[in-house]
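There are 2 protein chains.
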Amino acid sequence: MATGRNHRPATRSRGIPEATVARLPLYLRALTALSERSVPTVSSEELAAAAGVNSAKLRKDFSYLGSYGTRGVGYDVEYLVYQISRELGLTQDWPVVIVGIGNLGAALANYGGFASRGFRVAALIDADPAMAGKPVAGIPVQHTDELEKIIKDNGVSIGVIATPAGAAQQVSERLIAAGVTSILNFAPTVLSVPEGVDVRKVDLSIELQILAFHEQRKAGEEAAASGADVTPPPLRGGPAANRKGPDGDVPAVMPA
Amino acid sequence: MATGRNHRPATRSRGIPEATVARLPLYLRALTALSERSVPTVSSEELAAAAGVNSAKLRKDFSYLGSYGTRGVGYDVEYLVYQISRELGLTQDWPVVIVGIGNLGAALANYGGFASRGFRVAALIDADPAMAGKPVAGIPVQHTDELEKIIKDNGVSIGVIATPAGAAQQVSERLIAAGVTSILNFAPTVLSVPEGVDVRKVDLSIELQILAFHEQRKAGEEAAASGADVTPPPLRGGPAANRKGPDGDVPAVMPA
DNA sequence: TCATCTTTGTGCACGCGTTCACAAAGGCAT
DNA sequence: ATGCCTTTGTGAACGCGTGCACAAAGATGA
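Residue numbers (our numbering), protein chains in the order written: chain A, 23 to 278; chain B, 23 to 278.
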């Protein structure tokens, strides 16, 4: 069963922990900013502050890449930019396709951060025939029928899914069958993919719900001693009685 | 120093681990789908498969909420939907504002997943005077000058930042000063916020770079015994010599 | 009522990630 | 050349998250 296996597919290969990999882009961004200001070197303390992490963590992260710093001085900005770029595979060009050119897909196509770091939008794909040929962000949208051909012709290995939830699984299967092995999924669904395929998901709704949880907790804490039923009484007072019944008493909270 | 402190602000308060909180929306989504199909109960195994997680993990997650299952039977779908909704704070209405109505902001405003789960777009805010009054997703865009008033009048505590990177920090400060305590940041910057404010970030560029790393590793593994210089020779052969020089030999890889 | 069968809830062990704290390393001034 | 001062690199401890494996609980049927 390869049900919804997310990242953590194989960290042990070259020794760099997954958590570290996830922070490298952060460091790279901070370093690039320093590079543009022609700053020659940074200390772990300064760079950590810029990246919003602990300096010890940063040093340990870098230690996985090798000993690239100079004691008493810090890190050479240009050199580190190069090393991290190489480690992340950003010294080569990554053609990506975006599937689903709705509001979100169009926004992604227009996103500048794409082209800047080695990623190139090779094609935009949509199931709506009316979209076909219409240019978005300067790139003509192609129909889903062309998907396999596009992937193969361009050697695409990274796909971005920005379709409605209902189409995401099927799209992912077609992408994978055509040769894609990494997927960035914006659709609110759990994708089921075979082993060896990496999936990362970006889910607005989930992020908001997590924020809501903390927000509620904050509100509950400051109104601690008030009459509000924060942390309400057990509620399921009896055994397992009332909830097996006609459950008409359970507030039907969720709209959809 | 409150530099870029991300989540993990206070997990210990009510005992629910952060990792569990992050999965609750996933369970909720799967449960809602079951509810719509009028499925009365699910086993941890079934639900775990639908949510793409391990069943033991799911049971442990639920155990933090209380004992809501029935041994030998499973979990009551409706009841669980209610409990998780309540735990996440979704039984109340959360007004949110979106700042920065470019391509992405507009896409977010149009995103249906917003309204469905207790979140309501209270206002759209943009710095461009030309945008003011123009309706996006049926909601008229308001100018940044109104930001503070909007936050206070609507009791907004959650803000979404979809501005360019350069404006994000300042926008976050204004949001926070006006009363916002949770921020979802789409701008590619590290936000510096005071203690007590939660920030979650969604960063397309970072996700792609992480995928690129794994993609590169895959490519390197399968071309293991070939002549390609994957895992290239140490490269910094000498001591710290060449990288302190005029560094003209370091390929200037990063464009911007 | 009692036996059987299913599924939960969780004790336990393990591994990853984070942080502390410090010795080693190197630059720099005298 | 030598000693001081800064900053890295990392050993070690700790805590969180995960997954196994099983006992307890309850439903179901005879």
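All C-beta atoms, glycine included, are put in the ideal place defined by N, C-alpha and C.
Query	Result
Close Cβ partners of E67(A) (< 7 angstroms) along its chain, the five nearest in sequence each way excluded	S77
Cutoff 8 angstroms: K79(A) Cβ touching any chain B Cβ	no
Within the stretch 128 to 159 of chain B, ranges of the beta strand (DSSP E) (whole runs, at least 3 residues)	141 to 148
Q114(A) (DSSP reduced to helix, strand or coil)	coil
Residue burial classification, D98(A) (beta-carbon count within 10 angstroms, cutoff 16)	buried
Cross-strand partners of Q164(B) (DSSP beta bridge)	I147(B)
Uninterrupted alpha helix (DSSP H) stretches inside the stretch 163 to 245 of chain A (no shorter than 4 residues)	169 to 176, 187 to 200 and 226 to 244
Contact residues within the stretch 180 to 199 of chain A, judged by C-beta distance below 7 angstroms to chain B	I180
Residues that Y97(A) bridges to, as DSSP identifies them	V64(A) and G91(A)
Residue interval of the alpha helix (DSSP H) (run including P47(B))	E40 to E58
Cβ shell of L126(A) (< 7 angstroms), same chain only, five flanking positions each side left out	A184 and F208
Minimum Cβ-Cβ distance from N125(A) to chain B less than 8 angstroms	yes
Cβ neighbour criterion (16 or more within 10 Å) applied to T42(B)	buried
Separation of P186(A) from V193(A), as counted between CA atoms	10 angstroms
Neighbour list for K240(B) in chain A, Cβ cutoff strictly below 7 angstroms	T203
Beta bridge counterpart(s) of V121(B) as assigned by DSSP	I147(B) and I183(B)
Proximal residues to L110(A) (C-beta, below 6 angstroms), its chain only, five neighbours per side dropped	L46
For V143(B) and A137(B), the rounded distance between their alpha carbons	7 angstroms
CA-to-CA distance, L230(A) to K223(B), given in whole angstroms	11 angstroms
Chain-ordered residues of the stretch 210 to 223 of chain A with a beta carbon less than 7 angstroms from chain B	P210, V212, D220 and R222
Contact set for Y101(B): own chain, Cβ-Cβ below 7 angstroms, skip 5 residues either direction	Y90
Touch test, the stretch 143 to 156 of chain B against the stretch 166 to 184 of chain B, Cβ-Cβ under 8 angstroms, three pairs minimum	yes
Member of A190(A), V95(A), L48(A) and Q114(A) whose CA lies at the smallest distance from the CA of I120(A)	A190(A)
Listed by chain order, chain B residues near N176(A) by CB distance under 8 angstroms	By Cβ distance, chain B contributes nothing, its closest Cβ being about 14 angstroms from N176(A), past 8 angstroms.
Outcome for Q238(A) when other beta-carbon atoms lying within 10 angstroms are tallied against a minimum of 16	buried
Within chain A, partners of G160(B) - CB distance below 8 angstroms	Within 8 angstroms Cβ-Cβ: nothing; G160(B) doesn't reach chain A, min ~13 angstroms.
Min CB distance G135(B) to chain A below 8 angstroms	yes
Inter-residue spacing [alpha-carbon to alpha-carbon] between A72(A) and G96(A)	15 angstroms
Under the three-state DSSP convention, the category V75(A) falls into	coil
Contacts around L206(A), its chain only, beta-carbon distance under 6 angstroms, and the 5 residues preceding and following it disregarded	V182 and R222
Spatial distance of I173(B) from Q114(B) (CA atoms)	18 angstroms
Sequence-distant residues of its chain with Cβ nearer than 7 angstroms to A70(B) (five each side left out)	N76, S77 and L80
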